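Working notes, beginning with the structure itself.
Residue numbers (my numbering): 172 to 618.
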């Protein structure tokens with residue numbers, strides 16, 4: 172096995188697990204911001220600007236929107252619908268100047284869409300990007316085929332998300348099963364591990380050759396910075412007996428030691444469910460906000476920004492439609508929430524399936540499968556079985572030997588126990604973040 176003269180020094184091994192470089196708006200070259208560490212407190216988005224963001228998000232969901240924004244007749248119809256009195260807000264939803272500005276921005280976005288197939292929405296400070304064409308249909312079909320072996324397993328191996336009452340099915344690598352901070356004495360920190368070749372889950376040949384697929388030269392493009400991505404497959408299953416998904420918690424992705432700086436979610440399969448949305452919200456810089464209005468005029472700031480005195484410093488930014496075939500990407504500085512949806516036809520089952528990709532901050536590389544070998548006992552047993560002395564053993568005797576191996580590698584049951592502990596920890600992290608956000612309140616007084 173190859174040796175390296177350079178000892179591995181990464182957070183959790185050679186460095187403290189809570190290693191974190193400084194970040195501020197003025198000093199932001201060392202790493203990307205993270206909602207848990209930095210709260211990325213926003214300057215605040217006005218009520219009217221949020222309406223404009225909602226309008227742009229809605230228009231860019233329409234078929235052929237990038238063509239329609241140049242059609243004066245269609246634009247005139249949109250204007251008559253948008254520039255009218257809204258009972259909820261007690262104001263015109265959009266004024267004429269607001270509408271004109273939105274159309275100008277939409278036409279710029281149309282040019283970008285034509286060139287790249289991407290649309291930026293909610294782009295006030297942080298930005299959400301959506302695309303319905305980034306992943307061609309051929310790749311979607313290949314993904315459906317590729318995940319089938321993970322789904323077609325006996326019920327005892329169904330990976331139901333803890334606490335979901337068999338509603339949410341997880342398939343996740345590198346973040347959950349068997350990936351903890353205790354590496355024991357078996358790992359020599361200066362060793363370069365030779366990873367096994369892909370087995371059952373190697374890329375399908377048709378995936379690599381699919382029309383529209385864009386190859387990326389990882390060794391060339393990411394030679395200097397490196398690239399670490401945590402992948403997750405998650406399915407939500409609804410039935411006539413359980414016809415509704417209520418909502419997820421508001422959360423950011425991962426714990427701080429995973430250094431996730433951005434998320435991409437591909438919605439690759441939806442069947443018999445109503446429209447599903449991903450909501451976004453952010454913290455507002457309370458100290459800066461309370462100093463903004465003139466003396467004794469803070470009530471105008473409340474109306475201008477849609478906030479309340481002594482209320483939590485949280486602003487809802489809106490929501491994005493998550494239809495089949497759509498790819499979303501956003502930085503890990505805003506909280507997001509899977510919002511409620513239900514069966515379209517309550518007499519039949521339905522589902523929504525996603526592939527999530529969590530980008531690790533390239534400034535802060537973390538321990539990964541580049542350093543830690545596969546830890547699944549069944550995979551390990553398959554390789555051990557190929558050794559001559561073990562290959563000659565009767566199956567029952569071989570299984571007895573494998574079952575007697577403890578601590579490492581990990582069995583299915585041990586992996587589930589680890590995941591349970593991890594999810595409990597994640598729950599505490601989410602609760603702590605939400606509590607901190609909700610306890611930070613606006614307090615306007617004379618100054």
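Quick reminder that beta carbons are idealized off the backbone N, C-alpha and C, glycines included. All values reported here derive from a predicted model rather than from experimental measurement.
Discussion item. At the 8 Å Cβ level, is residue 525 part of the contact set with chain C, yes or no?
Written reply: Of the protein chains in the structure, only one exists, and it is not chain C.
Worksheet item: How would you label residue 420, buried or exposed, when you count the other beta carbons within 10 angstroms and need 16 or more for buried?
Response: Counting from one through the chain shown, the residue named residue 420 turns up at place 249. Classification for residue 420: exposed.
Worksheet item: How big is the Cα-Cα spacing for residue 311 and residue 579?
Response: As a working mapping, residue 311 is identified with position 140 in the chain shown. As a working mapping, residue 579 is identified with position 408 in the chain shown. Those two C-alpha atoms are separated by around 36 Å.
Practice prompt. Can you give me the start and stop residues for the alpha helix (DSSP H) that residue 587 sits inside?
Written response: As a working mapping, residue 587 is identified with position 416 in the chain shown. Residues 583-610.
Worksheet item: By the 10 Å Cβ neighbour count, where 16 or more other Cβ atoms means buried, how is residue 441 classified, buried or exposed?
Response: Working through the chain shown from its first residue, we reach residue 441 at position 270. With 16 or more Cβ atoms within 10 Å of its Cβ, residue 441 is classed as buried.
Worksheet item: Of the residues 406, 581, 557, which one's Cα is nearest the Cα of residue 545?
Response: For the purposes of this step, residue 545 is taken as residue 374 along the chain shown, with counting starting at 1. Here the closest residue by C-alpha is 581.
Worksheet item: Can you name the start and end residues of the alpha helix (DSSP H) that residue 571 belongs to?
Response: Locating residue 571 in the chain shown gives position 400, counting from the first residue. Element bounds for residue 571: 566-575.
Discussion item. What does the Cβ neighbour count give for residue 360, buried or exposed, with the cut at 16 atoms within 10 Å?
Written reply: Mapped onto the chain shown, residue 360 falls at position 189. Because residue 360 sits at a pLDDT of 34, beneath the cut-off of 50, its placement in the model cannot be relied upon, and the point is left open.
Practice prompt. Report the three-state DSSP secondary structure of residue 316 (helix, strand or coil).
Written response: For the purposes of this step, residue 316 is identified with residue 145 of the chain shown, where counting begins at 1. Three-state result, residue 316: helix.
Item to complete: Would you kindly check if the distance between the Cβ of residue 282 and the Cβ of residue 423 is under 8 Å?
Response: Counting from 1 along the chain shown, the entry for residue 423 is found at position 252. Counting from 1 along the chain shown, the entry for residue 282 is found at position 111. No, they are not a contact pair.
Practice prompt. Take residue 471 and list the residues in its own chain whose beta-carbon comes closer than 8 Å to its own, dropping the five residues that flank it on each side.
Written response: Your numbering for residue 471 matches position 300 in the chain shown. Counting only Cβ-Cβ distances below 8 Å, and skipping sequence neighbours, we find 464.
Discussion item. Would the segment 471-488 count as touching the segment 380-395 if we require 3 or more Cβ pairs under 8 Å?
Written reply: no
Worksheet item: Does the Cβ-Cβ distance between residue 486 and residue 452 come in under 8 Å?
Response: Sequence index remark: in the chain shown, residue 486 carries index 315 (1-based). Sequence index remark: in the chain shown, residue 452 carries index 281 (1-based). Yes, the pair counts as a contact, with Cβ atoms nearer than the cut-off.
Discussion item. Helix, strand or coil for residue 405? Go by DSSP, reduced to three states.
Written reply: Here residue 405 is taken as the residue at index 234 of the chain shown, counted from 1. In this structure, residue 405 counts as strand in the three-state DSSP scheme.
Practice prompt. May I ask you to report which of helix, strand or coil DSSP gives residue 534?
Written response: As a first step, residue 534 is located in the chain shown; it is residue number 363 there, counting from the start. Reduced to three states, the DSSP call for residue 534 is coil.
Worksheet entry | Beta-carbon proximity check, residue 519 vs residue 406, cutoff 8 Å | Here residue 519 refers to the residue found at position 348 of the chain shown. Here residue 406 refers to the residue found at position 235 of the chain shown. The answer is no: Cβ separation not under 8 Å.
Worksheet entry | Rounded straight-line distance, which links the Cα of residue 567 to that of residue 498 | Counting from 1 along the chain shown, the entry for residue 498 is found at position 327. Counting from 1 along the chain shown, the entry for residue 567 is found at position 396. Their Cα atoms are separated by approximately 47 Å.
Discussion item. Once DSSP output is grouped into helix, strand and coil, what is the label at residue 506?
Written reply: Mapped onto the chain shown, residue 506 falls at position 335. If DSSP states are grouped into helix, strand and coil, residue 506 belongs with the strands.
Fill in: Supposed close pair residue 491, residue 292 - CB separation, criterion 8 Å
Sequence index remark: in the chain shown, residue 491 carries index 320 (1-based). Sequence index remark: in the chain shown, residue 292 carries index 121 (1-based). Yes, they are in contact, since the Cβ atoms of residue 491 and residue 292 sit about 6 Å apart, within 8 Å.
Practice prompt. Note down the Cα distance separating residue 279 from residue 542, rounded to an integer number of angstroms.
Written response: Position 108 of the chain shown holds residue 279. Position 371 of the chain shown holds residue 542. Spanning the two alpha carbons is a distance of roughly 45 Å.
Item to complete: Entirely within the segment 446-504 and at least 4 residues each: give me those alpha helix (DSSP H) ranges in chain order.
Response: 457-461, 469-476
Worksheet item: Is residue 268 helix, strand or coil when you go by DSSP?
Response: Locating residue 268 in the chain shown gives position 97, where the first residue counts as 1. Note: residue 268 maps to helix in three-state DSSP.
Discussion item. So, at 7 Å on beta carbons, what are the nonlocal neighbours of residue 276 in its own chain, with the 5 sequence-adjacent residues on each side left out?
Written reply: The residue labelled residue 276 in the question sits at position 105 within the chain shown. Excluding positions up to five away in sequence, the list reads 227.
Discussion item. Along the chain, where does the beta strand (DSSP E) containing residue 302 start, and where does it finish?
Written reply: Here residue 302 corresponds to residue number 131 of the chain shown, with the count starting at 1. First-last of the beta strand (DSSP E) with residue 302: 299-302.
Item to complete: State the Cα-Cα distance for the pair residue 322 and residue 208, rounded to the nearest angstrom.
Response: Working through the chain shown from its first residue, we reach residue 322 at position 151. Working through the chain shown from its first residue, we reach residue 208 at position 37. Approximately 36 Å between the Cα atoms of the pair.
Practice prompt. Give every residue of the same chain whose Cβ lies closer than 8 Å to the Cβ of residue 449, excluding the five residues on either side of it in the sequence, and list them in chain order.
Written response: As a working mapping, residue 449 is identified with position 278 in the chain shown. So the list reads 436, 490, 491, 493, 499, 507, 508, 509, 510, once near-sequence residues are dropped.
Worksheet item: From residue 193 to residue 425, what does the alpha carbon distance come to, in whole angstroms?
Response: In the chain shown, counting from the first residue as 1, residue 193 sits at position 22. In the chain shown, counting from the first residue as 1, residue 425 sits at position 254. If I take the Cα positions, the gap works out to 19 Å.
Worksheet item: What residue from 221, 248, 287 has the CA that sits closest to residue 294's CA?
Response: For this step, residue 294 is matched to residue 123 along the chain shown. Looking at the Cα atoms, 221 is the closest of the given residues.
Worksheet item: Do the segment 196-205 and the segment 239-246 meet, that is, are 3 or more Cβ pairs less than 8 Å apart?
Response: no
Worksheet item: Can you name the start and end residues of the alpha helix (DSSP H) that residue 209 belongs to?
Response: Working through the chain shown from its first residue, we reach residue 209 at position 38. Taken as a continuous stretch (DSSP letters only), the alpha helix (DSSP H) holding residue 209 covers 206-209.
Discussion item. So if DSSP puts residue 423 in a beta bridge, which residue, or which two residues, is it bridged to?
Written reply: For the purposes of this step, residue 423 is identified with residue 252 of the chain shown, where counting begins at 1. The partner list for residue 423 (beta bridge, DSSP) is empty, contrary to what the question assumes.
Fill in: Separation of residue 539 from residue 561, as counted between CA atoms
As a first step, residue 561 is located in the chain shown; it is residue number 390 there, counting from the start. As a first step, residue 539 is located in the chain shown; it is residue number 368 there, counting from the start. C-alpha separation (whole angstroms): 30 Å.
Fill in: residue 318 versus residue 551: straight-line alpha-carbon distance, rounded
The count along the chain shown starts at 1 and reaches residue 318 at position 147. The count along the chain shown starts at 1 and reaches residue 551 at position 380. Going from the Cα of residue 318 to the Cα of residue 551 covers about 22 Å.
Practice prompt. Taking residue 429 as part of the alpha helix (DSSP H), name the residues at either end of that continuous run.
Written response: Working through the chain shown from its first residue, we reach residue 429 at position 258. Premise fails: residue 429 is in no alpha helix (DSSP H) and is neither H nor E.
Worksheet item: Applying the criterion that 16 or more other CB atoms from any shown protein chain within 10 Å of the CB defines a buried residue, is residue 357 buried or exposed?
Response: Indexing the chain shown from 1 puts residue 357 at position 186. Confidence in residue 357 is poor, its pLDDT being 30 and thus under 50, which makes the residue's placement unreliable; the coordinate value appears in the next sentence. Residue 357 should be labelled exposed.
Discussion item. So the candidates are 610, 515, 526; which of them puts its Cα closest to the Cα of residue 483?
Written reply: Start at 1 with the first residue of the chain shown, and residue 483 comes out as number 312. Out of 610, 515, 526, 610 has the C-alpha closest to the C-alpha of residue 483.
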